[in-house]
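The structure appears right after this line, and notes come after that.
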Amino acid sequence: MLHTFGVPGKQLAVINSRPQGYFITHVEGKKPARLNGKSIGHEPRPLAPNDMFEVGNEKLLFLLK
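The numbering used here puts the first residue of the sequence shown at 268, with every later residue one more than the last.
Here it is, written out as structure tokens:
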């Protein structure tokens, strides 16, 4: 499963599901996506419930149901 956030060509991040859990990766854009206030870069970063991530001007809370 792959979910994209942001605007292609401006700032884009993806969240994907793996056997080890969910991961977020910065894909493109001058300003990197942020996870809990820190830049995430192009390497996948694991997500945990209640993590806050920012892509562009959007702030989102990661929850599992």
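Every residue gets a Cβ at the ideal spot worked out from N, C-alpha and C, and that includes glycine.
- Between the C-alpha atoms of MET319 and LYS326 there is a straight-line separation of about 7 Å.
- Per DSSP, reduced to three states, the secondary structure at ILE307 is coil, with no helix or strand assignment.
- Where MET268 is concerned, there is no enclosing beta strand (DSSP E), because DSSP gives it neither an H nor an E.
- Taking the Cα of LEU279 as reference, the smallest distance to any Cα among TYR289, GLY296, ARG312 and GLN287 is reached at GLY296.
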